[in-house]
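Heads up: the structure comes next, in structure tokens.
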């Protein structure tokens, strides 16, 4: 029972973590809460759905197509809606992000209708594996494995490549990085592309897990992933992973104990409680304020 | 008196009347959030939560106790403000985006609690009986609007308001000047929540039906967009922003399904072309005084300054 719930929680939590990474990376570089991120995740789920249903491609290819499509979308959104606002107040950029989010979800509703759609049968053969008392589906294992691979490659990109170094420098100090000859605009576009690709992967995996893709799936998932990013300390990549897993596990545990009607509140209750004890999140850096 | 007013209201097209009331309620909510976010600089993404607390409190006061509407609204406001102070005391220690996500979380928790309470009829929502008052609702709404504009204007120009602006400018510097930052933040939170509660009470009685899902994240975003669109911290801006955004869905109705699409696009364009809001950096009272000739025009002030500094022997060479 315990093991079963733990696996359920980790599978759900890793999808939260995948979305949360996009929030935290964008925030780390331009301190913008990218509210359109949840919508990118939704678009990713739809692209994956159409790739498997219409193009009849393999599941992994579908996920790659979704990731590439969302990369382009993320970069496009940044160009149109955020870049002109980089010098103005942060709230204006926030409202702009919310505008993009409303735009995308309404567009999805008009194009794909209001009903939830499922992935076609047999996209991924699901088998149940019994370990002790727990029944674990291969789908959950797949989700955990793909998330882990993606997160490890992200860590590799951020810490071992030249562009990752540029990203870290830009998030440290935007202006100084520009003075050092880093093409800051390119770095920001790259960050959006990376985050959006991860969100798209998360969207395809969640669409497969719950077998439902709908135009409004981005809102709640986005809010929870954002909560996960803040819980781990916004701006910190390991923090987002930790926060996502923690939220997923507590949510599943809460439902298992019997608070299923309070499901959406559990994540936020945990968040509020943690922030009250540790105001910068679990792994957030403490910022010394100077006058 | 009541019949006479009712007659006047009868002359107005009910559809326009509804838009007018929506605008009025929007203005009250925007003014409340403007005190919290515009004046004190505390980003709140959960203003709709206070609206829903107000709406349900007010509805229950009418249903269970049958209190006259004027007292009902006041009580609702105070109860909402008390809840806000209680919530605000711990969470207002957080700053910036951490506070924003906390208010967002609080709003979601409030929504889920209302969705699960028996006294609020769970997910079915609550049917609210007519308000116990002889004055027609649209007039009540606009009386409250005018009262709240006057109150917020007073707050803006008072010692209290200047303290709030100091907190917005720099918390540490404000504290060094002897301002009790936490106290002022909680007070501004309570004032904003008071207005939101009153707005919620009006909304509940005008609509006649409330559902916890009406007060979700999108409602909070709606109110925030109003004050950012109008210009943060500006009362005139809040009024204009609330008017535009409350009326916009109605005027965009001819596009039916494209409505929200255009609304989203409009938000982005507005921010790109006027990032400080429509009324950002423009002072309405200053404009009126200048038009009346009671205050010198900016251009003349500048010319005087230039004349002073370029005068020989001024000693600043």
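Protein chains in written order, with the working numbering: chain A, 1 to 291; chain B, 292 to 608. A virtual CB, placed ideally from N, CA and C, is assigned to each residue, including glycine.
Item                                                                                                                     : Value
Closer than 9 Å at the beta carbon, the chain A residues around residue 397 (chain B)                                    : 268 and 272
Residue 608 (chain B) in three-state terms, based on DSSP                                                                : Residue placement at residue 608 (chain B) is poorly supported in this model, since its pLDDT is 41, which falls under 50; the coordinates are not used for a value here.
Terminal residues of the alpha helix (DSSP H) in which residue 265 (chain A) lies                                        : 263-277
Proximal residues to residue 502 (chain B) (C-beta, below 6 Å), its chain only, five neighbours per side dropped         : 416
Segments assigned alpha helix (DSSP H), at least 4 residues, entirely inside the stretch 308-365 of chain B              : 338-351
Residue-level contact to chain A via CB, residue 468 (chain B), 8 Å cutoff                                               : no
Buried versus exposed call for residue 611 (chain B) [16 or more other C-beta atoms within 10 Å across all chains shown] : The question about residue 611 (chain B) has no answer, for chain B in this structure spans 292 to 608.
Residues near residue 591 (chain B) in its chain [Cβ-Cβ closer than 8 Å; skip 5 each side]                               : none
Chain B contact residues for residue 297 (chain A), given Cβ-Cβ distances below 7 Å                                      : Given a span of 1 to 291 for chain A in the structure shown, any question on residue 297 (chain A) remains unanswerable.
Closer than 8 Å at the beta carbon, the chain B residues around residue 230 (chain A)                                    : 388, 389 and 392
For residue 418 (chain B), three-class secondary structure by DSSP                                                       : strand
Contact under 8 Å by Cβ, residue 313 (chain B) with residue 537 (chain B)                                                : yes
Under 8 Å from the C-beta of residue 110 (chain A): neighbouring residues of chain B                                     : 548, 549 and 552
Distance CB(residue 213 (chain A))-CB(residue 222 (chain A)) smaller than 8 Å                                            : no
Run of the beta strand (DSSP E) containing residue 135 (chain A), from where it starts to where it stops                 : 134-137
Proximity to residue 33 (chain A) [Cα-Cα], best of A:86, A:55 and A:217                                                  : A:86
Residue 558 (chain B) vs residue 95 (chain A) beta-carbon contact at 8 Å                                                 : yes
Extent of the continuous beta strand (DSSP E) run through residue 131 (chain A)                                          : 128-131
Chain B contact residues for residue 99 (chain A), given Cβ-Cβ distances below 9 Å                                       : 516, 554, 555, 556, 557, 558, 559, 560, 561 and 562
For residue 581 (chain B) and residue 605 (chain B), the rounded distance between their alpha carbons                    : Residue confidence for residue 605 (chain B) is low, a pLDDT of 48 falling below 50, so the modelled location carries little weight; the figure read from the coordinates is stated next. Cα-Cα distance, rounded: 29 Å.
Cα-Cα separation, residue 156 (chain A) to residue 150 (chain A)                                                         : 10 Å
Alpha helix (DSSP H) segment containing residue 486 (chain B), residue limits                                            : 472-498
Own chain residues within Cβ distance below 7 Å of residue 31 (chain A), not counting five before or after               : 90
Interface partners of residue 384 (chain B) on chain A, CB under 7 Å                                                     : 279
Interface flag, residue 106 (chain A) vs chain B, CB-CB below 8 Å                                                        : yes
Endpoints, the alpha helix (DSSP H) within which residue 165 (chain A) is located                                        : 162-172
Neighbouring residues, chain B, relative to residue 196 (chain A) (Cβ below 7 Å)                                         : The contacting residues do not exist; residue 196 (chain A) stays about 18 Å from chain B at best.
Beta-ladder partner(s) of residue 213 (chain A), from DSSP                                                               : A:117
Segment limits, alpha helix (DSSP H) that includes residue 39 (chain A)                                                  : 37-53
Presumed contact (8 Å Cβ cut-off) between residue 372 (chain B) and residue 488 (chain B), rounded CB distance           : 7 Å
Cβ pair residue 546 (chain B), residue 553 (chain B) closer than 8 Å                                                     : yes
Cα-Cα separation, residue 321 (chain B) to residue 78 (chain A)                                                          : 29 Å
Under 8 Å between C-beta atoms of residue 419 (chain B) and residue 339 (chain B)                                        : no
Nearest to residue 327 (chain B) (by Cα), restricted to the options B:569, B:304, B:566 and B:519                        : B:519
For residue 29 (chain A), the three-state DSSP class (helix, strand or coil)                                             : helix
Where residue 400 (chain B) meets chain A, residues with beta-carbon distance less than 7 Å                              : 265, 268 and 269
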